[in-house]
Structures are given as structure tokens and as C-alpha cells.
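Inspection log for the structure reproduced underneath, given as C-alpha cells.
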Amino acid sequence: MARTDRENSHTEFAGDGGALRSPWKMAWRKLRRHKLAVAGMWVLIFLHLFAIFADFFAPYSELTTDRRRTYHSPTKIHIFHEGKLVRPFVYGYTRVDTLRNIYEEDKSTMYPIYFFVRGDKYNILGIESDLRLFGVEAPGKIYLMGADRYGRDIFSRLAYGGRRSLFIGIIGLVISLSIGMIYGGVSGYFGGWVDNLMMRISEIIISIPGFYLLLALSAILPPNIPSDRRFMLITIILAFIGWAGLARVIRGMVLSISRMEFVAGAEAIGASQPRIIVRHILPNTMSYVIVHATLSIPSFILSESGLSFIGVGIQHPLASWGNMLSEALNLASLTRYPWLLIPGFFIFVTVLSYSFFGDGLRDALDPKTQT
Amino acid sequence: MKRRVFVWTLLLALVVSAGVASAVELVDPRVLDLGNDYGGVVGQYGGTMTVHGGASGPKTFNPHRAAETSSTDVTDRIFEGLVTLHRDTGLVLPKLARDYEISEDGTEVTFYLRRGVQWHDGTEFTADDVIFTFDVVYDPNVGSNSRSGLLIDGQPMKYEKIDKYTVKFTLPRPHAPIMFSIGTPIVPVHLLGEAFKEGRYHEMWGLETPLDQIVGTGAWRVSSYRIDQELILVKNDNYYEFDEAGNRLPYLSRIIFRYYPSSDTATLAFFNGEFDYIGIPANQYPEYVDREPFSRWSIITAGPNPGTSFIVLNQNPDAVPEPKLSWFTDVKFRQALAHAVDKETILDMAMNGMGYIQDSPINMRNEFFLKKDIKTYPYDLNAAAEILDAAGYKLGSDGVRRDPNGNPIEFDLITNPGVPIRQIVGELFQEDLAALGIKVNFQQIDFNVVVEKLTDTFDWDGIIIGLTGTFDPNGGSNVWLSSGNLHMWYPYQETPATEWEARIDEVWREAQRAMDPEVRRQWYFEFQDIVAENVPLLYTVTSENMVAVRDHLRNAQPDGIGGSVGSAWNFIWIDR
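Below, the structure written as C-alpha cells:
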């Protein structure tokens, strides 16, 4: 039975079956029943939007420092002033203890929170703007999640850092998926000594201790390359050691798919080998690939965090969740400035959401589970 | 017949015992007046003290192979020199020598050795050991760390044994700082002489050597070592130092070094009562202050740390391409950048304000040589911009500053990760220079790579690094002489590249020749003025030296020359 199922799914996927329900719709229905997966999906959508539109959501740019507000505690938002309900506002703060960096509210100064304010300039998709979701008037400061050592707003840096930490996974995945699918497809389709050689090569790559390779590679990156290119290079490095595992599974699937009738059919009508691999065989591995993708994004995110945490990934002052978390790597930060751990919480939530979502997706895309 | 044998046996026994006794009889004990000279009190015997040994333990027990502090911290307890420095005043005091004499013209130094001092194995210490030690130190194959300090204009001293207890050194020219380097650890000829002759000295007394074979004259000997975990020193029962009441030192029976890789772990271990004292990293100071009132230990602040932290720009014409070389060799450029170092914020962020702004290359503890009224570069971006403008480095309308030839100014700045102050200096400097229109690419790279660039390949633009300080200014010879190996901005020069470097070379040599401290001081004052004017190193800040000491530990004051408690071990005691 499984065999027929697979063929059905093939024909429908290829788009030429007039079935009542497409497999995507069925999958979506199954996914919706999976409450955790849906929750994970919404969290991920929210986080990614937060990162993409960081310029809008963050009250400050990621580089805005304030040297007199080292380790500023999160500012409290008030709605009552002298017993009266007013527009939400924050008080000004003064540093009462320079040794321990303790800040106290100065009740004589009030800074109302305004929405859609003009703040630090930014440029998104070629559009220059300075519109930000919320903010307070200078010299007031709003630190929703406190400040780091340089007086930079953690909340803003989380948004900007998310761009790197979240998208490193997606970009890296696209690269490693492309390599892995084509490599596995070619290897499985041709078989024989080609397969043998290609699989041995992929085994060599799998057996390289990834994190140490990353350490070595990122150490030799020259210091003067721009930070965005550095980020891309790290992504590519991550991708290039991540594809081999996928390639092996794809190769196994292709090996069995390529013995099926529709492949023989395609060969009979004279389709070229690359066309058969790309158009006929690989689409049948798609459900596995999607699940694999969702479940392996977290490993990219964690690798980036790990690298940045030990100081060889994304470099200060640019934010990434990993290098923000490394600021919390000492006794004083843990006991006195616990808000420095918030990036760790974001990493945790993201990875967990991807896992839930991936689990749900696997169940939804598996043709063997019944609707 | 029987009686005769008995008498002979008795006589023989007498002779033997007398012979042994005379070989070990201590004629010249070293008496420390704890009350008057060291601010201490006469103590009680016994007890074990546990200290934090740092991140890792010794790599060797051979004092002339030990290069890093993790090894010398231990070998300095086992081996001793002819002279030592007073722990508070820095004055030269006889140690294994009972006295010394410097000739009128300053070219001859005669040491009279303490008679009856024993090596740990009971053999007597004599002039032969001293001669042997200097043979070892001057042998380039040994690679002793003391060698460069004992060369005068590249020449070794002559040294000869006058008698069993007298050694005379002859210098090629008067050299005042020699007394600060001549106290190199003395090693036993009767145990190492053979190996030295066979050219195997550098292989001796590594970690694989049985510990009872490591023999010195010091107050301590190693009894056990688990590599990078724990090292135990036990006291030398025949040590030649006594307190003013006639008690043989040291008081403590054992000292345990424990090694922890991170200073956070060490701090927690101290809070758990594992250590008897610990040096407080400035950035952890609040943790200690908050716990002090409820704890049975006290914080002692002990003045500026002798180490330095600075930014240095590469002026090496063989390694730096144009136009960077013209910028870095331009004194106006360096002066402007010195104004862009926000020392107060660095102090605040890296050390919670527990430290000092540094302007002079002289160890801040050495008040005598430190010049107070030198040119300083307070943080002032406007002043920096003015100097740059005046020197032709103009800010364009695009916010980029360009040199007189129109090249945008941009350079790399590197340091090693894991030292918070260097990261803070780098990030603030990068931000401040960005405000001046100068782009700095700041990156943290592996320490070994930084050192390799600094000492070997020279391909760097700017580095943030530090030096450990010595008490006497002459300790900076390898940094300030233009031929020095740590003359970082352009090392190993054959002839000085600039006039001011040539002048520093002259001033430095004059200071070495001057036997009168007052004259020496004037030379070092001029040296400090030249450095302040030409800013080859952009100094930042140095931390306050702070130690947390358990209340039961007596005589455990940090010393005046480096803020270290270690120099008091011979007379620390535990009050029960």
C-alpha cells in the first residue's frame, strides 16, 4: 500500500492530478490539529517579522551607546503619576551607585512614551526612514530589557541581532540543502562507483569535527572584511559542513525512487538525466527535505551562537544573540544584571519553536498518517 | 686490643659527626626584623595555607627554563638569588650573599656569601654554585630569561671565585640597574654541573623529574604536584632566615596551590573558604565588597597594579604599507588619537572605577622615578579633531576623514579575546574614532596569533596589549631601546629610525651609567617627557591592586613594590 501512496503523492505533487484535495491542503489540515506546531509557527513568524522590521520595532539603533548608562536596569513603564491615570511614561533615571551600577527613578522627570516617533535613521530595502514604533524624548531613555555594558538597549539589539541569528539558519540551510539534494540525487541515481566515491567523500566531511573546523576557518578570516560579508562567510562555512548528512539520506531515497516505473517512463521518453533527477526524482524527497530543513535550522542558529559566544562569530559591536549572551559570561553579570541572559531565552524559544513546528510538519507531510 | 678498637671507633665516630656538623653549621643567618622592617609580628609555627595559583601550574621546575609566571611563581620559592628587593621599598638587600661591595668606579661588585647555607639535600652552598649559575645563565643554548638583563651593551660580565665564600663580578662599564637583575636564581653545581657539561641543562628538572630531586636553597620545596590541579610546597626545616626573636622561618608547614581556569571559579572557591587569600580582579570587586561585612576576611587595597594596557600603532617601515605608515609615524596623528582614548569610561566599565589613569611608562608604584607633570592626553574628541585638522587630516562632507593625499583613513585593530579591558578599550576607541571620521576594524583574535604578529611577522596596524611592569625602570629596556625585541612599533632597529628614539637610547644608557639615584632620576624624567610628547604607546588605565585576606592569616600584607602577598610567605602565620 505504501507504494501506491507514494505514487499518488507523486502524481499529485507534479500538479497534473485532478484530485479533490491536494496533498498540501491535506498537510495543512493535519498541521493545524497539532497545537504545539501551530504555536511554534506563530512564534517563529513573529520573531522573524520582529527581526526583519527591527528598524521599526527597535527604539534605538543597535550601535547607539550611552557611556553613562552602563548596565542600566530595565525601565519601568508607569501609567499613574501622582495618583492620576496618564499616558504611559517612564521616569528619568540617575545612577546612585557607580560601583554596582544601580539606577533609581528620578520622579521629577517624566518621559511619556509616544508611538510612531522619529528616531535614529535607517535604510530598509532602499527606503530611508526614521520612523520607529515607539520611543521617548531625549534625554530620556527607554530600556524595555535593560542595557548592556556600553549602555546599548538590549531590546533593540535583540531585534537587530535576530536578523543575523535567525537568518543565518535559513540562508545556511538553502545552501546546504541545494548541495545536499543535488549531491545525493546524483549519487543515488547513477549508483555504482560514482555513488561509492561520492558517499566516501561525504563520509569524510561528516567525520570532520565541525565546530573545530569552524573555529579554524573563522580565525583565518581577515579582520578588515566588512561585517556583512563576514556574516555571509560564516553562514557559508556552516553550510558547507552541514550538507553531507542530508546528502546521504537523499541518496538512499533516490536509490529506491529511481527504480520506480515513472522514472523508467521518463527515461523511455528520452528525458535527460539532469532533468530526471531534478524534475522527477528529487520532488519525491520533498516531504523529507522540508522536515529535515525545519529541524536543522536550530543547529545553524546554535552554531552561530556558539561561535559568537566564544568571540569568533559575529563581531562586536554588531549584535547577534550569541555574542550578546557572551556578555553574561561572568559572575557579576549573572548576579547583578540578569537581563543580559534574555538573548539566551530568545535562542531557547526559537530552537524549541522550530522543533515543535518541525515535529508537526513531519506528521503532517507523512502520507502514512491518516487524516 | 678490644679496647683499642673501641677507642678508635669512638674517635672515628666523633670525627665523622664533627665533620658533618661543621659542614652544615649556619654561620651567617639572615635575621628579619619583622616588627621594624616589615610591619609584621613574630608568629607561631604550623598550619597550611592554600592559595590560588592561577589558571595553570608550572611547566618546569628548572628556574632557568621557566619563562611564564605560572612556573616562576613556584621556582622562586625553591631557588633564590644573591640579592633580593625589599618588599616595600624596593631597595636591594643581601639574600644568599651576606653582604656586597661596589667599587668606587662602579665596575666591580664583590659578594660575600652566607656561610653554612644548605641546599635541600644537605650539601653546602658555596661560590662554586654561583660561578656555575652564571655559566648557565650566559649560555645562549640554555635560553634563560635572566640572560638579557645581565648583558651590558651585549657583553656579559666577568665573574671569578675569590675564595669559597667570595665572588667578584667585573662590569664592562658602570651599570646601575645590574643590582636588580643580578639576583637570578642560584642552582646547585653538584646536581646539575654534569648535565650542563654534557649540554643537557635545558632538559633537566622538567615535570617528569622526581620531586625530591628538585633541590634549591629556598624556604620551600615541592612535595607533590598534580599537573594543573594542585601543587604542595613543604617548608625547608634548615632554612637560614630567622625572625627577631630567633625563631627559624618559615612559620607555615605547607602551602597548597590550587589551579582554576577561570577567575570566576576561583572567586567562588574563595567564598567557599578554599583559599586563604586571593587577588581580586577589579571587575569582580562589587562581589567582594558586598560579602565582606558578613565574612571572616578583609579586603586590602594595595595601590596601582604594575602592569600596563595600551594601544600601539605599527611604525615598522618593513611591514606597514603606505599610506598607513605615514599616518602612524606622524606624531600629530598619534597625539590626536591619544586624545580619543576615553580613559575614564574604560576605568568605569572595566574596573568599576577601581583603578588609575596611566600617563607614564614608569611603574606607578615607583614614586621616586615617576614624573608627575608630564604632558597628558585627556579624553577630548574636539581636541583630537583640531589636531587632525591642523595636520591636514580633513573631514570630508561624507563623514570620512582623509589624509593630505586624499586617502580615507581606515586601519585594523586587534587584540586577544578573554581580557575584558582590552575589548572595552577596542570598542570605545572604534566608536570614538568613527565619530572623528576614522574607520577602525576592531577584531579579537587568538592570543598566539597576536603574539606571532607582534614578534615575528609584524603585519598588523594596531594592537591593544599590555606589559607586566618591573619595579625598576630599567626593566623596560627591551621595550624602549630601539634595538629591543619588545620595541613593538618597530623592533630590532639597527639604528634608531627617528630622532626621539635615538634620544631615548642615549637617555637610557646615561641612566644606566648613573650610579647616583638622583642623577638617574633626571634621565628617566627626560625619558618620560620624550615618550609623552611622541606617544608611541597610547596608555589607558591600570587597576587597583586588591587582595582579600582571611582574618586568621597574619603578616599577609600586600607588598609595596608589586602588591603581591607572595613575598611575605616566609613569615606569614596562622593565628588559631
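So the protein lines, in turn, are chains U and A. Under this note's numbering, the residues of the first sequence are numbered 6 to 376, in order. Under this note's numbering, the residues of the second sequence are numbered 2 to 577, in order. No residue lacks a Cβ here, since even glycine has one placed at the ideal position from N, Cα and C. Because the structure is a prediction, the values reported are computed rather than measured.
Same chain, Cβ closer than 6 Å to S23 of chain A, neighbours up to 5 away in sequence not counted:
Numbered from 1 along the second sequence, position 22 holds the residue referred to as residue 23 of chain A. Residue placement at S23 of chain A is flagged as unreliable, the pLDDT there being 46, under the threshold of 50; the coordinate-derived value follows with that caveat. Excluding sequence neighbours, S23 of chain A sits near nothing in its chain.
Taking G354 of chain A as the reference, which of U:F58, U:G257, U:R73, U:I187 has the closest Cα?
What you label residue 354 of chain A is simply residue 353 of the second sequence in a count that begins at 1. The shortest CA-to-CA distance from G354 of chain A to any of U:F58, U:G257, U:R73, U:I187 is the one to U:R73.
CA-to-CA distance, P324 of chain A to W461 of chain A, given in whole angstroms:
If you number the second sequence from 1, residue 461 of chain A lands on position 460. If you number the second sequence from 1, residue 324 of chain A lands on position 323. The alpha-carbon atoms of W461 of chain A and P324 of chain A are separated by roughly 14 Å.
Cα-Cα separation between L357 of chain U and R253 of chain U, rounded to whole angstroms:
Taking the first residue of the first sequence as position 1, residue 357 of chain U is located at position 352. Taking the first residue of the first sequence as position 1, residue 253 of chain U is located at position 248. Spanning the two alpha carbons is a distance of roughly 26 Å.
Chain U within 9 Å of T541 of chain A, Cβ atoms only:
In the second sequence, counting from the first residue as 1, residue 541 of chain A sits at position 540. Taking Cβ atoms only, chain U never reaches closer than 9 Å to T541 of chain A, which makes this a no.
Could you tell me the alpha carbon to alpha carbon distance between V294 of chain U and L300 of chain U, rounded to whole angstroms?
Locating residue 294 of chain U in the first sequence gives position 289, where the first residue counts as 1. Locating residue 300 of chain U in the first sequence gives position 295, where the first residue counts as 1. Approximately 10 Å, taken between the alpha carbons.
Cβ contact check for the region 204 to 218 of chain A and the region 249 to 268 of chain A: 3 or more pairs under 8 Å
no
Note down the Cα distance separating V42 of chain A from S310 of chain U, rounded to an integer number of angstroms.
By 1-based counting over the second sequence, the position of residue 42 of chain A is 41. By 1-based counting over the first sequence, the position of residue 310 of chain U is 305. Cα to Cα, V42 of chain A sits roughly 55 Å from S310 of chain U.
Reference G563 of chain A, options A:A303, A:R297, A:L382, A:Y493, closest by Cα
In the second sequence, the residue the question calls residue 563 of chain A occupies position 562. Taking only the C-alpha atoms, the option nearest G563 of chain A is A:A303.
Keeping to the same chain, check which residues put their C-beta closer than 7 Å to that of G318 of chain U; ignore five residues upstream and five downstream.
Counting from one through the first sequence, the residue named residue 318 of chain U turns up at place 313. Counting only Cβ-Cβ distances below 7 Å, and skipping sequence neighbours, we find S223, I239, E309, L312, S325, G327, N328.
Just list the beta strand (DSSP E) runs in the region 52 to 118 of chain A, keeping only unbroken ones of 3 residues or longer that don't cross its boundaries, in chain order.
84 to 86, 93 to 95, 98 to 103, 109 to 114, all fully within the region 52 to 118 of chain A.
Counting only runs of 3+ residues fully inside the region 375 to 417 of chain A, write out the beta strand (DSSP E) ranges in chain order.
411 to 416
Can you name the start and end residues of the alpha helix (DSSP H) that A267 of chain A belongs to?
As a first step, residue 267 of chain A must be located in the second sequence, where it is residue number 266. Run containing A267 of chain A: 264 to 272, per the alpha helix (DSSP H) assignment.
DSSP state of Y491 of chain A mapped onto helix, strand, coil
Counted from its first residue, the second sequence places residue 491 of chain A at position 490. Looking at Y491 of chain A - three-state DSSP - the assignment turns out to be coil, as it is neither helix nor strand.
Any beta carbon from chain A within less than 9 Å of V191 of chain U's own beta carbon?
Numbered from 1 along the first sequence, position 186 holds the residue referred to as residue 191 of chain U. Not an interface residue.
So S170 of chain U packs on Y65 of chain U, CB below 8 Å; how close in whole Å?
The count along the first sequence starts at 1 and reaches residue 170 of chain U at position 165. The count along the first sequence starts at 1 and reaches residue 65 of chain U at position 60. Not quite, the Cβ-Cβ distance comes to about 19 Å (not below 8 Å), so this is no contact.
According to a CB-to-CB cut-off of less than 8 Å, which residues of the region 334 to 355 of chain U neighbour chain A?
The region 334 to 355 of chain U vs chain A, Cβ under 8 Å: N335, L336, A337, T340, R341.
Are the CB atoms of T543 of chain A and G280 of chain A nearer to each other than 9 Å?
The residue labelled residue 543 of chain A in the question sits at position 542 within the second sequence. The residue labelled residue 280 of chain A in the question sits at position 279 within the second sequence. Taking 9 Å as the Cβ cut-off, T543 of chain A and G280 of chain A do not qualify as a contacting pair.
Where does D368 of chain U sit, in a helix, a strand or coil, going by DSSP?
Stepping through the first sequence from its first residue, residue 368 of chain U is reached at position 363. Reduced to three states, the DSSP call for D368 of chain U is helix.
Taking Cβ positions, are V259 of chain U and G190 of chain U nearer each other than 9 Å?
The residue given as residue 259 of chain U occupies position 254 in the first sequence. The residue given as residue 190 of chain U occupies position 185 in the first sequence. Against a cut-off of 9 Å, the Cβ pair of G190 of chain U and V259 of chain U comes out as a contact.
Going straight from the alpha carbon of N367 of chain A to that of G156 of chain U, what length do you get?
Here residue 367 of chain A is taken as the residue at index 366 of the second sequence, counted from 1. Here residue 156 of chain U is taken as the residue at index 151 of the first sequence, counted from 1. Spanning the two alpha carbons is a distance of roughly 36 Å.
Among A:A337, A:T456, A:D77, A:R88, nearest to M489 of chain A - alpha-carbon criterion:
The residue you call residue 489 of chain A lines up with position 488 of the second sequence. Among A:A337, A:T456, A:D77, A:R88, the Cα nearest to that of M489 of chain A is on A:T456.
Nearest residue (CA-CA) to T80 of chain U, options U:E142, U:E87, U:L68, U:V95
The count along the first sequence starts at 1 and reaches residue 80 of chain U at position 75. For T80 of chain U, the nearest C-alpha among the options comes from U:V95.
Along chain U, in chain order, which residues have C-beta atoms closer than 7 Å to that of E1 of chain A?
Residue 1 of chain A is absent from the structure shown; chain A starts at 2 and stops at 577.
Check the C-beta distance from Q424 of chain A over to Q445 of chain A and give it rounded, since I have them as a contact under 8 Å.
Position 423 of the second sequence, counted from the start, is the residue given in the question as residue 424 of chain A. Position 444 of the second sequence, counted from the start, is the residue given in the question as residue 445 of chain A. Between Q445 of chain A and Q424 of chain A the Cβ distance is about 7 Å, and since that is below 8 Å, they are a contact.
Between the C-alpha atoms of S254 of chain A and E245 of chain A, what's the straight-line distance to the nearest angstrom?
On the second sequence, residue 254 of chain A is found 253 positions in, with the first residue counted as 1. On the second sequence, residue 245 of chain A is found 244 positions in, with the first residue counted as 1. The straight-line gap from Cα to Cα measures roughly 20 Å.
Does the distance from the C-beta atom of T76 of chain A to that of F258 of chain A stay below 9 Å?
As a first step, residue 76 of chain A must be located in the second sequence, where it is residue number 75. As a first step, residue 258 of chain A must be located in the second sequence, where it is residue number 257. Result no, Cβ atoms of T76 of chain A and F258 of chain A do not sit closer than 9 Å.
Name the residue from A:T134, A:D530, A:R66, A:A384 whose alpha carbon lies nearest to the alpha carbon of D374 of chain A.
The count along the second sequence starts at 1 and reaches residue 374 of chain A at position 373. Closest option to D374 of chain A, Cα to Cα, is A:D530.
L104 of chain U: contacting residues in chain B (beta-carbon distance under 9 Å)
You won't find chain B in this structure, because its protein chains are U and A.
Assigned exposure category for L219 of chain U - 16 Cβ within 10 Å defines buried:
What you label residue 219 of chain U is simply residue 214 of the first sequence in a count that begins at 1. L219 of chain U should be labelled buried.
Which same chain residues, not among the five before or five after G400 of chain A, have their C-beta less than 8 Å away from its C-beta?
Indexing the second sequence from 1 puts residue 400 of chain A at position 399. Around G400 of chain A: G438.
Residues from the region 314 to 332 of chain U in contact with chain A, defined by Cβ distance under 9 Å:
Per Cβ criterion, the list reads I315, G316, V317, Q320, H321, P322.
According to the neighbour-count rule (16 or more other Cβ atoms, all chains shown, within 10 Å of its Cβ), is G143 of chain U buried or exposed?
By 1-based counting over the first sequence, the position of residue 143 of chain U is 138. Checking the sequence, you will find Ala at residue 143 of chain U rather than Gly. Exposed: under 16 other Cβ atoms inside 10 Å.
Whole angstroms are fine: how far does the CA of S398 of chain A sit from the CA of N406 of chain A?
Taking the second sequence and counting its residues from 1, one reaches residue 406 of chain A at position 405. Taking the second sequence and counting its residues from 1, one reaches residue 398 of chain A at position 397. CA-CA distance, N406 of chain A to S398 of chain A, rounds to 16 Å.
Length at least 4, wholly inside the region 320 to 384 of chain A: the alpha helix (DSSP H) runs in chain order:
325 to 329, 332 to 340, 344 to 352
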